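Undergrad: For reference, the structure I am asking about is given below.
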Amino acid sequence: MKMAKLSLSIAAVLGMALTSAQASATDGTISFTGQLVGSTCKINGNDSGTQTNVNVTLPTLSVTALRAVGSTAGVTPFQLNLTSCSGASAQTHFEIGSTVDSATGALVNQTAGGSNAQVQLLNDKYQPINITTNANSQTVTITDGSATMQYYAQYLAAKAAANAGQVTSQVTFSMNYN
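Positions 1 to 178 (full-length UniProt numbering) are the ones given, in order, by the sequence shown.
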């Protein structure tokens, strides 16, 4: 009899605990805000809404420059020139896609040969940009309707020493304005 009362008491306590856990769940609201502007900047002379293609040619190097994992070589500058801007600042957002190695945040080689070599982007302070997280991307102040965004690209021996061959890759970007 005492055992039955004890079992009944335990069952009642457990039932109340489970009920109170379910009753404590809360609902909420997620709100989104944004802003659309009539026109943005021209990028490298191309009107807003027009795709801007930038071609960066990395130097021809010996694979001995990329013997060790993590080694880099061939730093090459390129710029995004913004003109006819109406905002106060701009930030480049590099899009994650099939050309991005999620482990390194660098660009995967898209051609046969040149294996283990990736293309790594650097900001204006020569810091590697992790495209997966957009870490070290840069924001520039727009002054008198224009700004210049300085970037660099370099080879990266991502997972092993690089092998000889062609290295090509690409990344899509969008410009965010404030």
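Glycine residues also receive a C-beta, built at the ideal position from the N, C-alpha and C atoms. Just so you know, these numbers come straight off a predicted model, no measurement behind them.
Between Ala88 and Asn176, which are expected to be in contact by the criterion C-beta below 8 Å, what is the C-beta distance as a whole number of angstroms?
TA: No, Ala88 and Asn176 are not in contact; Cβ-Cβ is about 12 Å, not under 8 Å.
Undergrad: Are Leu58 and Val167 touching if we call contact CB-CB under 8 Å?
TA: In this structure, Val167 lies closer than 8 Å to Leu58 by Cβ.
Undergrad: In the DSSP assignment, find the unbroken beta strand (DSSP E) run with Ala73 in it and report its ends.
TA: That run of the beta strand (DSSP E) goes 72-83.
Undergrad: Exposed or buried, which one is Ile131 when buried takes at least 16 other CB atoms within 10 Å?
TA: It is buried - the Cβ of Ile131 has at least 16 other Cβ atoms within 10 Å.
Undergrad: Quick one: what's Pro128 bridged to in DSSP?
TA: Pro128 is bridged to Leu122.
Undergrad: Considering just the uninterrupted stretch of the beta strand (DSSP E) at Phe173, what are its terminal residues?
TA: Segment 173-177, the beta strand (DSSP E) holding Phe173.
Undergrad: What's the C-alpha gap between Gly145 and Thr83?
TA: Cα to Cα, the separation comes out at about 6 Å.
Undergrad: In the DSSP assignment, find the beta strand (DSSP E) that holds Thr92 and state where it starts and stops.
TA: Looking at the DSSP string, the run of the beta strand (DSSP E) that includes Thr92 is 89-94.
Undergrad: Evaluate Thr64 with the Cβ neighbour count: other Cβ atoms within 10 Å of its Cβ, from every protein chain shown; 16 or more gives buried, anything less gives exposed.
TA: The residue is exposed, with fewer than 16 neighbouring Cβ atoms inside 10 Å.
Undergrad: Suppose you measure from the CA of Asn178 to the CA of Asn116; what does that come to, to the nearest Å?
TA: Near 38 Å, if we compare the C-alpha coordinates of Asn116 and Asn178.
Undergrad: What does the Cβ neighbour count give for Ala106, buried or exposed, with the cut at 16 atoms within 10 Å?
TA: Burial call: buried.
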